[in-house]
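Enquirer:
There are 2 protein chains.
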Amino acid sequence: MTIKLYELCGVDETNLFSPHCWKIRLSLAHKGLSHETIPVPFSKVATLEGGSKRKVPVLRDGDEVIEESYEIALFLDRKYPERPSLFDGDGARAMTQFVISWSQTQLHPVIARMCLMDIYNRLAPVDQEHFRITREKLFGMTLEKFSTEMAATPADLKKTLFPLDNMLGRQAFIGGESPLFADYVVFGALQWLRTVQGEDGLPKDGRVAEWFNILLDMYDGLGRATKAA
Amino acid sequence: MTIKLYELCGVDETNLFSPHCWKIRLSLAHKGLSHETIPVPFSKVATLEGGSKRKVPVLRDGDEVIEESYEIALFLDRKYPERPSLFDGDGARAMTQFVISWSQTQLHPVIARMCLMDIYNRLAPVDQEHFRITREKLFGMTLEKFSTEMAATPADLKKTLFPLDNMLGRQAFIGGESPLFADYVVFGALQWLRTVQGEDGLPKDGRVAEWFNILLDMYDGLGRATKAA
Numbered sequence: 045m046t047i048k049l050y051e052l053c054g055v056d057e058t059n060l061f062s063p064h065c066w067k068i069r070l071s072l073a074h075k076g077l078s079h080e081t082i083p084v085p086f087s088k089v090a091t092l093e094g095g096s097k098r099k100v101p102v103l104r105d106g107d108e109v110i111e112e113s114y115e116i117a118l119f120l121d122r123k124y125p126e127r128p129s130l131f132d133g134d135g136a137r138a139m140t141q142f143v144i145s146w147s148q149t150q151l152h153p154v155i156a157r158m159c160l161m162d163i164y165n166r167l168a169p170v171d172q173e174h175f176r177i178t179r180e181k182l183f184g185m186t187l188e189k190f191s192t193e194m195a196a197t198p199a200d201l202k203k204t205l206f207p208l209d210n211m212l213g214r215q216a217f218i219g220g221e222s223p224l225f226a227d228y229v230v231f232g233a234l235q236w237l238r239t240v241q242g243e244d245g246l247p248k249d250g251r252v253a254e255w256f257n258i259l260l261d262m263y264d265g266l267g268r269a270t271k272a273a
Numbered sequence: 045m046t047i048k049l050y051e052l053c054g055v056d057e058t059n060l061f062s063p064h065c066w067k068i069r070l071s072l073a074h075k076g077l078s079h080e081t082i083p084v085p086f087s088k089v090a091t092l093e094g095g096s097k098r099k100v101p102v103l104r105d106g107d108e109v110i111e112e113s114y115e116i117a118l119f120l121d122r123k124y125p126e127r128p129s130l131f132d133g134d135g136a137r138a139m140t141q142f143v144i145s146w147s148q149t150q151l152h153p154v155i156a157r158m159c160l161m162d163i164y165n166r167l168a169p170v171d172q173e174h175f176r177i178t179r180e181k182l183f184g185m186t187l188e189k190f191s192t193e194m195a196a197t198p199a200d201l202k203k204t205l206f207p208l209d210n211m212l213g214r215q216a217f218i219g220g221e222s223p224l225f226a227d228y229v230v231f232g233a234l235q236w237l238r239t240v241q242g243e244d245g246l247p248k249d250g251r252v253a254e255w256f257n258i259l260l261d262m263y264d265g266l267g268r269a270t271k272a273a
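Sequence order for the protein chains is E and P. Position 85 of the first sequence, counted from 1, bears residue number 129 in the numbering used here, the numbering being contiguous throughout. Position 192 of the second sequence, counted from 1, bears residue number 236 in the numbering used here, the numbering being contiguous throughout.
1. Just confirm the distance between the C-beta atoms of P207/P and F142/E, as a whole number of angstroms; I'd bet it's less than 8 Å.
2. Between the Cα of S129/P and the Cα atoms of M139/P, A138/P and A117/P, which residue gives the shortest distance?
3. Can you tell me the Cβ-Cβ gap for G94/P and M45/P, rounded? I've got them flagged as a contact below 8 Å.
4. D56/P lies in the alpha helix (DSSP H); which residues open and close that run?
5. Hey, which unbroken runs of the beta strand (DSSP E) at 3 residues or more fall wholly within the stretch 177-257 of chain P?
6. Rounded to a whole number of angstroms, what is the C-alpha to C-alpha distance between D56/P and I82/P?
7. Do you know how far the Cα of A156/E is from the Cα of L201/E?
8. Could you pull out every unbroken alpha helix (DSSP H) segment of at least 4 residues lying fully inside the stretch 51-122 of chain P, listed in chain order?
9. Does any residue of chain E bring its CB to less than 8 Å from the CB of R214/P?
10. Here's the rule I'm using: 16 or more other beta-carbon atoms within 10 Å means buried, otherwise exposed. How should G267/E be labelled?
11. Using a Cβ-Cβ cutoff of 7 Å, what residues of the stretch 216-227 of chain E are near chain P? List them in chain order.
12. Report back the beta-carbon spacing between T149/E and Y114/E to the nearest angstrom; my notes put them in contact at under 8 Å.
13. Rounded to whole angstroms, what is the Cα-Cα separation between G135/P and R166/P?
14. Could you spell out where the alpha helix (DSSP H) holding T140/P opens and where it closes?
15. Would you report the Cα separation of Q235/E and V102/E, rounded to the nearest angstrom?
16. Would you decide whether V154/P is buried or exposed? Buried here means 16 or more other CB atoms lie within 10 Å of its CB.
17. Would you say L60/P and T270/P are within 8 Å of each other, going by their C-beta atoms?
18. Distance, Cα to Cα, G245/P vs S78/E?
19. Can you check DSSP and say which residues form a bridge with L49/E?
20. For F256/E, I'd like the list of residues in its chain whose CB is within less than 6 Å of its CB, leaving aside the five on either flank, ordered along the chain.
21. Does the beta carbon of G250/E fall short of 7 Å from some heavy atom of the ligand MN?
22. According to the neighbour-count rule (16 or more other Cβ atoms, all chains shown, within 10 Å of its Cβ), is S222/E buried or exposed?
23. Ends of the alpha helix (DSSP H) at L160/E?
24. Hey, how far is the Cα of V240/E from the Cα of T204/P?
25. Here's the rule I'm using: 16 or more other beta-carbon atoms within 10 Å means buried, otherwise exposed. How should D249/E be labelled?
26. If you check the beta carbons only, do L120/P and K75/P fall under 8 Å apart?
27. Grouping DSSP H, G and I as helix and E and B as strand, with all else coil, what is R268/P?
28. Please name the residues in the stretch 142-174 of chain E whose beta-carbon is closer than 9 Å to at least one beta-carbon of chain P, in chain order.
29. With a threshold of 8 Å between beta carbons, is M139/E in contact with chain P?
30. Given a cut-off of 8 Å, decide if V100/E and L52/E are closer than it, judged by their beta-carbon atoms.
31. Tell me whether K189/E is buried or exposed, calling it buried when 16 or more other Cβ atoms sit within 10 Å of its Cβ.
32. What's the call for V170/P, buried or exposed, on a 16-neighbour Cβ count within 10 Å?
33. Hey, how far is the Cα of G219/E from the Cα of A168/P?
34. Starting from the beta carbon of G133/P, find every residue of chain E whose beta carbon is closer than 7 Å, and list them in chain order.
35. Report yes if the CB atom of D132/E is closer than 8 Å to the CB atom of G54/P, and no otherwise.
36. Which residue from V84/P, A138/P and L72/P puts its Cα closest to that of P125/P?
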């Protein structure tokens, strides 16, 4: 039975941009599992698969419906233990939470400050309204005010990525010689920027750029196949 | 044969303050291995155990001499595989490098900016001279200029610790239900501040404070036994 992955989309259903969905796209490829993508606009996410407060990604595998990217990754490792692990041990399963926290609290805010209006501009009107209401509540100000007063630059992003840059001086991936789910967590954040705003804001050279390009090319160029905005 | 651990000290040989040495003190306790501490002042570190460019900690176990805290942790897991692992799997062994990078590039600079002169003030004159020369070269300015113009506050430290605080909302340790070497890496940084400056600059409440206090109390209060400055 085909695995179904509900993924966030804008007006253009092929422009998949959610960082959390990208974590799972690469995780499925990592495990050699194919899937069917079901694009979902913002305003339809909450009620997916009979849920009442869903967030994407949502994955259906046979009778099982799993939500939240880390939970999905755990599920995939549990259900397909004979395929390459996304964690490679109990320690990494726990420590991935630190990478998620770092990405979520350091990287995501900077990227949101770089490309909030780019996200807004690629949504259908009904989703724009949904996005505006939820985000303005979260930020406590209008989208327009947020994206001018709080604007972040590529230099801010580069600075925020420094712990990763530093680590890449010692090994090729967060997972060591090959990527693990923790790599896809950080990849998802940069791919989010790439798919909504383009490549200008991304690191252009150096170790992070190199690492990101390798991940874009992996799994038959899965990451690169979704074009930059 | 007793494991010997060469650890950095100031004028007071019982005031062990090196963050990197603390990583290994807790790692040895984690593995249930006793050791003999050999206190070493800054100016004697480079030539320890016949080395020419040593850094502490240096560990001697029988005929083997190992340097650099991560390498020592790997060695201890390799040599004593029947005792509790410091990594718990290959994935965590790699991912610890990310935590080290984060601690080193984010946490250490803030702490150095909080307590540089406190370190200086607890050294013997010959070590003060060594410390001044090496650090002024590193920072490109005098110690005094660095510690006034670059001064950081407890609020800066709290902000820097936010990825850890966020993660501790989901699990008790970076290692999950119990600590791993990655926890000791971050513990070492905070214990450095505690032992050279006292407890005023440390988080006083909240999840990081709670986590740090648990680690101070572990292993019969090993961390707390070295008193705060």
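Note that the Cβ used here is the ideal one computed from N, Cα and C, for glycine as well. Values in this document were obtained by computation on a predicted structure and should not be read as measured data.
Expert: Let me spell this out:
1. 7 Å
2. A117/P
3. Their Cβ separation, rounded to whole angstroms, is 18 Å, which puts G94/P and M45/P out of contact at 8 Å.
4. Segment: none, D56/P is in no alpha helix (DSSP H) and carries neither H nor E.
5. none
6. 13 Å
7. 11 Å
8. 63-74
9. yes
10. buried
11. I218, G219, G220, L224 and A226
12. In fact, because the Cβ distance is near 15 Å, the residues do not count as touching under 8 Å.
13. 40 Å
14. D134 to W146
15. 19 Å
16. buried
17. yes
18. 51 Å
19. T81/E and L103/E
20. L234
21. Ligands in the displayed structure: none, and consequently the ligand MN is not present.
22. exposed
23. H152 to N165
24. 28 Å
25. exposed
26. yes
27. helix
28. F142, V143, I144, S145, W146, S147, Q148, T149 and Q150
29. yes
30. yes
31. exposed
32. exposed
33. 43 Å
34. D132, G133, D134, G135 and A136
35. no
36. L72/P
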